[in-house]
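Asks:
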Amino acid sequence: MDIVFSAIIDGCFAAVAGLGFAFACNPPIKTLFLSALLAAIAHGGRFYLLQFDVFGLASATFISAFTIGLIGLIFAKKVRCPMEIITFPALLPMIPGMYAYRTILSITSFASENDLEKQYKLLIEITNNLMTTISVAFAIAVGISITLLIFHEQSLMMTRKGFQLEEYLKNKEAFNNIK
23 MDIVFSAIID GCFAAVAGLG FAFACNPPIK TLFLSALLAA IAHGGRFYLL
73 QFDVFGLASA TFISAFTIGL IGLIFAKKVR CPMEIITFPA LLPMIPGMYA
123 YRTILSITSF ASENDLEKQY KLLIEITNNL MTTISVAFAI AVGISITLLI
173 FHEQSLMMTR KGFQLEEYLK NKEAFNNIK
């Protein structure tokens, strides 16, 4: 019960951050709270997955980003807006800023350090933090991109009313035959 409560608290803080990122992008008002809800689900879900020894930070982030892509697709259909408007601000609280900061801090300490043994330790810190930053950022990008690639046709039709998939595919085939 303590893990679930901690994940909910973590999700609430992420919702505030997601709302702030969404508000900064000036989206339609109806999407602001959906972005906050998705941020809470993403960050809370990642926090929950990290409590088990099975998932690392990058894999938990990937699962959360993919899940947010799927849920964002459903929300985007309901409010008739592109799913990127809802999902991207929700993913921003999961960016590994702390690891990027520690990487830069270790680099500056490494540059000013003269002791060879401390330089080795700093080099290990630089490598660990940099690899964590890159892998988590990559997991976010791939997780959301997979959803966009799988549901590409649906994401294009999100804002159109009464648009028929068969008509779109027929026009697409006719256009491809012209080439």
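Count the sequence shown with the numbering used here and you get residues 23 to 201, in order. Cβ coordinates follow ideal geometry from the N, Cα and C atoms, glycine included.
1) Given LEU92, which residues of its chain have a CB within under 8 Å of its CB, disregarding the five upstream and five downstream residues?
2) Enumerate in chain order the residues of its own chain whose CB-to-CB distance from CYS47 is below 7 Å, with the five nearest sequence positions on each side excluded.
3) Relative to the C-alpha of PRO50, which candidate in ALA161, PHE69, VAL101 has its C-alpha closest?
4) Where does ILE31 fall in DSSP's three states?
5) With a threshold of 7 Å on Cβ separation, who are the neighbours of CYS34 within its own chain once the five nearest residues in sequence on each side are excluded?
6) Could you name the residues of the same chain whose beta carbon sits closer than 7 Å to that of HIS65, not counting the 5 residues immediately before and after it, in chain order?
7) Report the CB separation of VAL158 from PRO104 in whole angstroms; it is logged as a contact under 8 Å.
8) Does DSSP put GLU135 in a helix, a strand or coil?
9) So, helix, strand or coil for PRO115, using DSSP?
Replies: According to the structure shown:
1) So the qualifying residues of the chain are THR169.
2) Same-chain partners within the cutoff: PRO111.
3) It is VAL101 whose Cα lies nearest to the Cα of PRO50.
4) Three-state DSSP puts ILE31 in a helix.
5) The residues are ALA62.
6) Leaving aside the five residues that flank HIS65 on each side, the residues in its chain whose CB is nearer than 7 Å to its CB run, in chain order, ASP32, GLY33, ALA36, PRO115, MET116.
7) Not quite, the Cβ-Cβ distance comes to about 25 Å (not below 8 Å), so this is no contact.
8) Looking at GLU135 - three-state DSSP - the assignment turns out to be coil, as it is neither helix nor strand.
9) Reduced to three states, the DSSP call for PRO115 is helix.
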